[in-house]
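Taken in order, the sequence shown gives residues 937 to 1147; the numbers are from our numbering. Working notes, structure below.
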Amino acid sequence: MYGVSFKLGSAAVLALLFMAVPAAATRFEDDVLAELNRARTDPQAFVVTLKDFRRQFWRDGSYSVAGDGSRRLTREGTTAVDEAIAFVGRQPRLARLERSRTLALAAADHSAEQGPQGDIGHASRDGTGPGERVMARGGDRYIAETISYGQGDPLDVVIQLIVDDGVANRGHRAVIFDGQLRYAGAGCGPHAGYGFMCTIDFGRTEKGTWR
């Protein structure tokens, strides 16, 4: 499940996203984890953030991008946002996700491979999946993975994954609010097709083992 939720509307927006790539990727990735934890540990407060996002929508299903004056078209318009607001509003407070170096390295490997090629999805070009990438980094295969494309801001990454526009099973949202998942690691960077991408791997343990 990758769900390219908010597609870029023009080459100009794509250029802006390339310019928005952070100089210190580690800081960006830490901020993504912080936003994930804000949603998990205080879902009622995050509902306010989602409602603010909803106010940026136009009747055609596009929304205004803060800071650059552009607009991006979504597949479902405010329908997915309203559903996300209702969902998050029902969630209990969850434990914080702890950063896993193993999961972060595996996530970074995927973004480093896909980004220059403009690929999307969870499979590597050699056919391996998220579990195999974690195993290659010394962990185990029992993990979940979410991928955001086209978002150059940590909060926007998390909003995209929680809203899950165009993803029928809302799989990214389910992963983020899965209380059994206690560790995560993000790997983010430039993407030839969408400007920026962020892979996030989640596990029950730091190494992605079942227990």
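Where a beta carbon is used, it is the ideal one built from N, C-alpha and C, also for glycine. Since the structure is predicted, the reported quantities are computational estimates derived from the model, not experimental observations.
A Cβ-Cβ contact shorter than 8 angstroms links Thr1135 with Glu1081. Excluding sequence positions up to five before and after Ile1021, its CB lies within less than 8 angstroms of the CB of Val983, Leu986, Lys987 and Arg990, all in the same chain and listed in chain order.
In the DSSP assignment, the residues bridged to Pro1126 are Phe1132. DSSP places Ile1083 within a strand segment (E or B) once states are collapsed to three.
Contact annotation: Gly1131 and Ala1044 have beta-carbon atoms that are not nearer than 8 angstroms. In this structure, the CA atom of Gly1025 is about 6 angstroms from the CA atom of Pro979. For the pair Pro1090 and Val968, the CB atoms are nearer than the 8 angstroms cut-off. Selection Asp1137, Arg1118, Gly1125 and Arg1077 evaluated against Leu1033 yields Arg1118 as nearest (Cα-Cα). For the pair Met1133 and Ile1083, the CB atoms are nearer than the 8 angstroms cut-off.
If you draw a 10 Å sphere on the C-beta of Ala1042, you find 16 or more other C-beta atoms in it, and that means buried. Here the stretch 1011–1020 lies against the stretch 1094–1109, with 3 or more beta-carbon pairs under 8 angstroms apart. Residues Val1070, Gly1075, Asp1076, Tyr1078 and Ile1079 of the same chain have their beta carbon placed closer than 6 angstroms to that of Gly1144, with the five preceding and five following residues left out of the count.
Contact between Leu1039 and Ala1120 holds: their C-beta atoms lie close to 6 angstroms from each other, under 8 angstroms.
CA-CA distance, Val1094 to Glu971, rounds to 7 angstroms. For Arg1008, the enclosing beta strand (DSSP E) stretches over residues Arg1007 to Leu1009. Burial check for Asp1101: the Cβ neighbour count within 10 Å reaches 16 or more, so the residue is buried.
Following the DSSP letters along the chain, one finds Ser1047 inside the alpha helix (DSSP H) bounded by residues Arg1037 to Gln1053. Taking Arg1147 as the centre and dropping the five residues before and after it, the same chain places the C-beta of Arg1140 and Thr1141 closer than 8 angstroms to its C-beta, in chain order.
For Ser1000, same chain residues with a beta-carbon under 6 angstroms away, outside a window of 5 residues either side, are Gln992 and Arg1007 in chain order. In this structure, Gly1125 and Gly1051 form a Cβ contact; the two beta carbons are roughly 5 angstroms apart against a cut-off of 8 angstroms. The beta carbons of Ser1036 and Glu1049 sit no closer together than 8 angstroms.
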